[in-house]
Structure formats: structure tokens, C-alpha cells
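Residue numbering for the sequence shown follows this note's numbering, starting at 47 and increasing by one per position.
Beta carbons: idealized from backbone N, C-alpha and C, even for Gly.
What follows is a short report on a single structure.
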Amino acid sequence: MIRTSRWILCALIVPVTLFAESDERFFEIQRARLSSSDVFEIRDAIDQLAFVKSNRGIRDIISALEGSSHFPTSPINAPVVKFYAAQALGKKGNKIAIPYLIKTFQKESVNIPEYNPKKVRTWKDGVADSTSISSPYFYEDGEVPITLTCGEILRSLGTLPLTSESEATIKLALTSPNFYLRSSAADALYLSGKKEFLSSLLDSLGKESVPYAKISLLSAVVGLERMPNQNYKAVLESLTDKDPEVRVKASEALRRLDFRTSAPYLEKVIQSENNVKVLNQMKSDYQFLVSFHTP
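Below you can see the structure in the form of C-alpha cells.
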């Protein structure tokens, strides 16, 4: 009887031990990949660590965000790496990342000019996918500019539990000379879900002159208000704006607002939309609004 009990105990312990060894091996492999000279392999390693249910690996993602000061030209310091690291830290949701995100933002954003030149690209280029917030900087994956990275850092700060430091960082970015950082700060305040930021957003909205930043601020306001008021009507009117980036942002705003009453407006503008990227986004958002889903 004792011998049988020991056998059962061993049968239980061995798989657990093997699993632990396999688990540790997984993290060793991802850490090694984070030191790769291939930014796409680094990105995949970050993605692998981001989908781990526990907080194991979060320090490794933070290290990817910070990069290496000893090798400034190394691929591990590329803006695209910091972009995906910031995105992953937002998904992990652990406030331990907050001071590192703030530090990286402060370091990288100081030299961003007021206006960044847009690169000629096709609608297939860029880092946007079904979960990305649209951006006028649609570069190829390996060429993500630091402006886009800093915007992603702000959005990640917005998704994490707010601290006095992260709130101050986001609010300061709301007055940045760069319109994309102002837009990203608006996204961050919306993602925080805090209605007390409405006054700051409305104040900035009244001063904003750049169309892309303006629709970002308006979208944040409407998202927090969640009312069919004049601001909501202004988003609907933006669906026909001459700037395709504004039309995309307006469509995304209606999706996250999730009012079924928005569907007919999207259905109508889809019929006359001639920009492929905008059209695809509007069709996706329309299908979301008319389909059955959990809010």
C-alpha cells in the first residue's frame, strides 16, 4: 500500500517538474531572442511574453523598452522595439511598468519636432492592425518612427492604473507642440475611463487647429460622455471630412462608442468612400455595430 502511494506521488511530481523545466526554458528562449539583431524576432519574443497569463516576463519586456545604452545603434534600441514593448506592457496591465514607460517617454519625446514629415507609402504599409489606433504615420514595421512609439507609450499609460506621475505625463503631452502626441494623450485620457478628464479634453479641443488632433480629442470626449449630444453629432459629421485619417478616426470612435444608431451613418458613407484603408476600416466598424456581441 505504501509502495503504491509512493508511485502515485511520483507520477504526480514528475509531470509538474517537467512542466516547470519547460516553462523556464520558454523564458530563456525569449530572453535570448530579445538580444537578436533582427527586430522582427525581438517583436515576436515580446508578443510571446505578452500573452503569458502570469506576470513572468514583464521585467524582460521592460528591458526591451529601455534598450541598451552601451550599444546605441543596435537593433534592440530601434523605435519599433520600444513601440511593441510599450504596447505589451499596456496589455499586461501591471503598474510596475509605469515609471519605466514615463522615463522612456520623457527621454525619447524631447527631440520630437512639431511636425514630422510623412513618408510616401501605400495603404498596405504600416503597423496598424485590427487592434491598433490609427495614425498618420503608417510606416513599415521596421521603420516605426519614435513619434509613433511615444504615442503608444502614452496610450499604454492610459490603460494602466493611473498614478499622479502618469496623469501628469499624459496631461503635459496634451499640450505638446507635436500634434500626434496631443492626439495620443487624448487617446490615453479616454482609455483611462475617467470622466473627470472631460474638462481638460474640452479645453484642449477648443484650442486645437490640427484636424487629426481635433478628431482625437473629440473622440475621447464622446467616448467618456457616452451621450447622443452635439459632440456625438460632430463625430458623425467627421465621417465625410476631406482628410482620410480623420474619417478613419471618426469611424473608430463610433465603434468603441458602440451605439447601434451609428450604423446607418456608416452604411451611408461607405457607399461613397474611395480610400481603400478608410473603406476597410468603416466596413469592419459597421459589421461590429450591427453584429451581436458583448459590450
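Exercise. For residue 199, which residues of its own chain have a beta-carbon under 7 Å away from its beta-carbon, when the five flanking residues on both sides are left out?
Worked result: 132, 147, 150 and 151
Exercise. DSSP three-state call for residue 136: helix, strand or coil?
Worked result: helix
Problem set entry | As assigned by DSSP and simplified to three states, the class of residue 299 | Helix at residue 299.
For this session: Jot down the residue ranges of each uninterrupted alpha helix (DSSP H) in the stretch 235–290, minimum 4 residues, whole runs only, in chain order.
Result: 244–253, 257–271 and 276–283
Problem set entry | Own chain partners of residue 177 with C-beta closer than 6 Å, once the 5 adjacent residues on each side are dropped | Confidence in residue 177 is poor, its pLDDT being 48 and thus under 50, which makes the residue's placement too unreliable to answer from.
For this session: Note down, one range per segment and in chain order, each beta strand (DSSP E) of at least 3 residues found wholly within the stretch 94–142.
Result: The qualifying runs do not exist here; there are none.
For this session: Assuming residue 332 contacts residue 309 (C-beta within less than 8 Å), just tell me the rounded distance between them.
Result: 6 Å
For this session: Could you tell me whether the stretch 274–294 touches the stretch 233–247, where touching means 3 or more Cβ pairs closer than 8 Å?
Result: no
Exercise. Closest by CA to residue 96, which one among 300, 88 and 134?
Worked result: 134
For this session: To the nearest angstrom, report how far apart residue 216 and residue 159 are at their CA atoms.
Result: Their backbone Cα atoms lie some 18 Å apart in a straight line.
Problem set entry | Reference residue 101; option with closest CA among 189, 139, 212 and 145 | 139
Problem set entry | Cut-off 6 Å between Cβ atoms - residues of its own chain near residue 266, not counting five sequence neighbours on either side | Correct list, in chain order: 232, 235, 236 and 247.
Problem set entry | From 259, 281 and 315, residue whose alpha carbon lies closest to that of residue 303 | 281
For this session: Have a look at 270, 305, 328 and 317 and flag the residue whose alpha-carbon is nearest the alpha-carbon of residue 293.
Result: 328
Exercise. Under three-state DSSP, which class holds residue 224?
Worked result: Look at residue 224 here: in three-state DSSP terms it is coil, with no helix or strand label.
For this session: Please name the residue, chosen from 208, 258, 209 and 213, that lies closest to residue 225 on a Cα-to-Cα basis.
Result: 258
Exercise. Whose C-alpha, out of 143, 320, 70 and 315, is nearest the C-alpha of residue 350?
Worked result: For the chain, the structure presents residues 47 to 341; residue 350 sits outside this window and is missing.
For this session: Check residue 320 in the structure and name its three-state DSSP category.
Result: Correct three-state label for residue 320: coil.
Exercise. How about residue 92 and residue 78: do their beta carbons lie closer than 8 Å?
Worked result: no
Exercise. Buried or exposed: residue 249, going by 16 or more other Cβ atoms within 10 Å of its Cβ?
Worked result: exposed
Exercise. By how many angstroms is the C-alpha of residue 72 removed from the C-alpha of residue 254?
Worked result: 48 Å
For this session: If I'm right that residue 206 touches residue 141 with Cβ under 8 Å, what's the distance once you round it to whole angstroms?
Result: 6 Å
Exercise. Would residue 118 be called buried (16 or more neighbouring beta carbons within 10 Å of its own) or exposed?
Worked result: Counting C-beta atoms within 10 angstroms of its own C-beta, residue 118 has fewer than 16 neighbours from the protein chains shown and is therefore classed as exposed.
For this session: Examine chain C for any beta-carbon lying closer than 8 Å to the beta-carbon of residue 199, and answer yes or no.
Result: The chain labelled as chain C is not found in the depicted structure, where only one protein chain is given.
For this session: Take residue 220 as the anchor and find which of 305, 76 and 251 has the nearest alpha-carbon.
Result: 251
For this session: Since I believe residue 154 is in contact with residue 107 (beta carbons under 8 Å), could you give me their beta-carbon distance rounded to a whole number of angstroms?
Result: About 17 Å; that fails the 8 Å criterion.
For this session: In angstroms with no decimal places, state the Cα-to-Cα distance between residue 190 and residue 230.
Result: C-alpha separation (whole angstroms): 15 Å.
Exercise. Closest by CA to residue 122, which one among 130, 82, 103 and 145?
Worked result: Of 130, 82, 103 and 145, the residue nearest in Cα terms is 82.
For this session: Within the same chain, show all residues whose beta-carbon is closer than 8 Å to that of residue 161, passing over the 5 residues directly before and after it, in chain order.
Result: 224 and 225
Problem set entry | Cβ-based burial, residue 104 [other Cβ within 10 Å; buried from 16] | buried
Exercise. With respect to the alpha helix (DSSP H) encompassing residue 201, which residues constitute its N-terminal and C-terminal limits?
Worked result: 192–205
For this session: Would you check if the distance between the CB atom of residue 208 and the CB atom of residue 129 is smaller than 8 Å?
Result: no
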